[in-house]
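Under the numbering used here, the first residue of the sequence shown is numbered -19, with each subsequent residue one higher.
Where is the CB? At the ideal position from N, CA and C, for every residue including glycine.
Data block below; observations after.
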Amino acid sequence: MTDLSALESELTAKIAAADAAALEALRIDALGKTGEISNLLKSLGAMSPDERREQGPKINGLRDIVATAIAARKAELDAAALDARLAAERVDLTLPAPPRRKGSVHPIMQVMDEMIAIFAEMGFAVAEGPDIEDDFHNFTGLNFPPKHPARETHDTFFLQEDERGERKVLRTHTSPIQIRVMQRANTAVEAPQFAHGQEPPIRIIGPGRTYRKDSDRTHTPMFHQMEGLVIDRAITLGHLKWTLDAFIRRFFETDQVVTRFRPHFFPFTEPSAEMDVQCDRSAGMVKIGEGSDWLEILGGGMVHPNILRTVGLDPDEWQGFAFGLGVDRLAVLKYGMPDLRDMFSADVRWLEHYGFSAFAHPNPATGLS
Ligand code: DAH
């Protein structure tokens, strides 16, 4: 005959000391289908009624005690496990937040913003034009004679002929914006959003992307220009020189910048000039405000009378000056990027190095953030 009280103390002691796995094993050994207590309960059937009356309550009592002990131990172990998990997974709110990846402003866009801010202060408004231009706005309207070699010097990207036999181009400069602004009798039916049709006096800048078949350290097939156009009465070359010199000093934040105007030819200006800034290129980098090298940064001149006639303005009444600035060149000069092509290679490491925070830095040109 099994000693029930010895079995009870043995099992309750083991249960009290068991971990989760041992507890389950104990449960199966005692209360499982062929467990020790289950077998005792089965043995009741073979007993005499008297024996059964005596043993029945004892064995059932033992089963209840063991089941209760197992349930209590299980609750204890579950509570301890939960406590351990809560302690381990506690969030330490004093820890700094993990860094977030931030986007940055591309140096070209930063420089465009700085340029726009400076010209806006001088009273220039921003005008735009389409990247895909027609021949008229890119060439003919700008006084490029048909079949003239000047068209070829632009290394133009031509699009396929359309159904009217017209070949559109990727604009080779931002000068077509001039025509769109001055054209009051609007021929720009296909791009009405760019038809400005202003009456003079006109004072605009036209920032934008431009395209030429060219690629080396200082040329990329896509680059950026900012056009400038002033049309008024009694405008002279002196106004052009002053405007550009004032702009350059503000842009480079120094009066040390030395500029020079070289006579040049453009079909749409007469006289025409290119402006260079003095710089030092000896150390593989371009430094402004020192050295004895020159870097060309813009073309400009007095608006050719033919252009005025083309847009229906009387050259005896109106004159003006125009200029086209190389935005990428200015960015390279101000922020020292050795190779222009890196600007458009979309390398995130380059952007993280040369990019600007959209929020933290004030605009150097205006002091405003
Ligand atoms: N469009 C010229 C170029 O890309 C630059 C230029 C020269 C623009 C003279 C002008 C200008 O407005 O007057 O080479």
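Assign residue i to one of two classes, buried (16 or more other C-beta atoms within 10 Å of its C-beta) or exposed (fewer than that).
i: N123; result: buried
i: F138; result: exposed
i: E207; result: buried
i: E170; result: Legend: pLDDT at E170 = 49, less than 50; position of this residue unreliable, value from coordinates given subsequently. When all chains shown are included, E170 counts as exposed.
i: R144; result: exposed
i: A(-7); result: exposed
i: E332; result: exposed
i: A302; result: buried
i: P110; result: buried
i: V328; result: exposed
i: A165; result: Because A165 sits at a pLDDT of 49, beneath the cut-off of 50, its placement in the model cannot be relied upon, and the point is left open.
i: N19; result: exposed
i: P76; result: exposed
i: H128; result: exposed
Beta strand (DSSP E) containing residue i: first to last residue?
i: P251; result: 249 to 260
i: H244; result: 239 to 246
i: P187; result: 182 to 191
i: V149; result: 147 to 150
Alpha helix (DSSP H) containing residue i: first to last residue?
i: G218; result: 217 to 232
i: L139; result: From DSSP, L139 is part of no alpha helix (DSSP H) but of the beta strand (DSSP E) over 138 to 141.
i: E207; result: That residue, E207, is in no alpha helix (DSSP H); its beta strand (DSSP E) goes 202 to 212.
i: R160; result: 156 to 162
Answer yes or no: the CB of residue i versus the heavy atoms of ligand 1, is any distance below 7 Å?
i: F350; result: Residue 350 lies beyond the residue range present for the chain, which begins at -19 and ends at 349; the question has no answer from this structure.
i: S325; result: no
i: H153; result: yes
i: A107; result: no
i: P132; result: The sequence as given places Glu at residue 132; Pro does not occur at that position. The answer is no for E132.
Is the distance from the Cβ of residue i to the Cβ of residue j below 8 Å?
i: H134; j: R80; result: no
i: M92; j: P187; result: yes
i: D260; j: T239; result: no
i: L24; j: G36; result: yes
i: L320; j: V312; result: yes
i: E254; j: G279; result: yes
i: M282; j: P251; result: yes
i: Q90; j: T154; result: no
i: G292; j: I215; result: no
Ignoring anything shorter than 4 residues, give me the alpha helix (DSSP H) runs that lie fully in the segment 265 to 340, in order along the chain. 285 to 290, 307 to 315, 328 to 334
Any chance you could list the alpha helix (DSSP H) runs of at least 4 consecutive residues sitting entirely within the segment -9 to 36, in chain order? 0 to 11, 16 to 23
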